[in-house]
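Student: Following this message is one structure expressed as C-alpha cells.
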Ligand code: PNS
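Laid out in C-alpha cells, this is it:
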C-alpha cells in the first residue's frame, strides 16, 4: 500500500526550507499531501489561492505531491485522507517546543496518527515564512529563500501597494 503523509502548514508563503522538506519527504513516502491550513485567526499575507498556487507551481508535473487546503483540526483532515502520518520540518531549537506540543496534542486527539519531524537542511535552518515576509516588506533581497515565482509575487504585490 502506498505510504502517504500529510504535510500541513500555513505556507505563507512556501519557502526553500519547505521545498527541501517536501523533496526529502519523497524519499520516505510515496505521496505527500501538502495541506494549507485555512486559519481564521492568522491573517495571511498571501491569499489561500496564492499560497496553493505557489506550491502547485513548485511541483508541477510531480504526481507524488498533491496540494490541498483544509479547515478545522489537522488530525481530522488526516483521517479524511486515510493517512496516519503528519510530516513537519524542525528548524532551530526554537521550533522544538512548539512542535513537541503540537505533536503530543495531535497524538492525544488521535492516537494512531503519528507526527514525524524531519530536520530542516542546514542551508535553510534560519529561513521562516515570517522572516522572509519581513525582509521583503523592508526591501531586502529574498532570492534563494523562496522559489523564484514567490520572489516575483512579492515584487508584484508590493508594487501594487498591497496588502
Ligand atoms: O506553518 P505553521 O503555521 O507552523 O502550521 C501550523 C499548523 C497549520 C500545522 C497548525 O496550526 C495546525 O495544525 N492547525 C490546525 C488546527 C489544529 O489542528 N490545531 C491543533 C494542533 S495544536
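Numbering (our numbering), first residue to last: 533 to 695.
For every residue, glycine included, the Cβ atom is placed at its ideal position computed from N, Cα and C.
#1: Kindly indicate the opening and closing residues of the alpha helix (DSSP H) around residue 582.
#2: Just grab the DSSP bridge partners of residue 675 for me.
#3: Terminal residues of the continuous alpha helix (DSSP H) containing residue 574?
#4: Just to confirm my understanding: we take residue 580, look at its own chain, exclude 5 residues before and 5 after, and list those with CB closer than 7 angstroms. What are they?
#5: At which residue ranges does the stretch 601-656 contain complete beta strand (DSSP E) runs of 3 or more residues, listed in the order of the chain?
#6: So, does the stretch 585-600 touch the stretch 545-563, judging by three or more C-beta pairs under 8 angstroms?
#7: What does a CB cutoff of less than 7 angstroms around residue 638 pick up in its chain, not counting 5 residues either side in sequence?
#8: Of the residues 538, 545 and 629, which one's Cα is nearest the Cα of residue 680?
#9: In angstroms, rounded to a whole number, what distance separates the CA positions of residue 611 and residue 626?
#10: Verify the contact flag: residue 569, CB atom, against every heavy atom of the ligand PNS, threshold strictly below 6 angstroms.
#11: Which stretch, first to last residue, makes up the beta strand (DSSP E) that contains residue 669?
#12: Look at the Cβ atom of residue 649, then the Cβ atom of residue 629, and state whether they are nearer than 7 angstroms.
#13: Measuring CA to CA, which of 540, 575 and 552 is closest to residue 657?
#14: Which residues does DSSP pair with residue 540 in a beta bridge?
#15: What I want to know is whether the C-beta of residue 542 ends up closer than 6 angstroms to one or more non-hydrogen atoms of the ligand PNS.
#16: Return yes when at least one heavy atom of the ligand PNS lies under 6 angstroms from the C-beta of residue 651, else no.
Tutor: So, from the data block:
#1: 580-590
#2: 678
#3: Segment: none, residue 574 is in no alpha helix (DSSP H) and carries neither H nor E.
#4: 568, 570 and 601
#5: 617-622 and 646-651
#6: yes
#7: 606, 607, 618, 645 and 647
#8: 545
#9: 29 angstroms
#10: yes
#11: Segment 661-669 is the alpha helix (DSSP H) holding residue 669; no beta strand (DSSP E) there.
#12: no
#13: 552
#14: 567
#15: yes
#16: no
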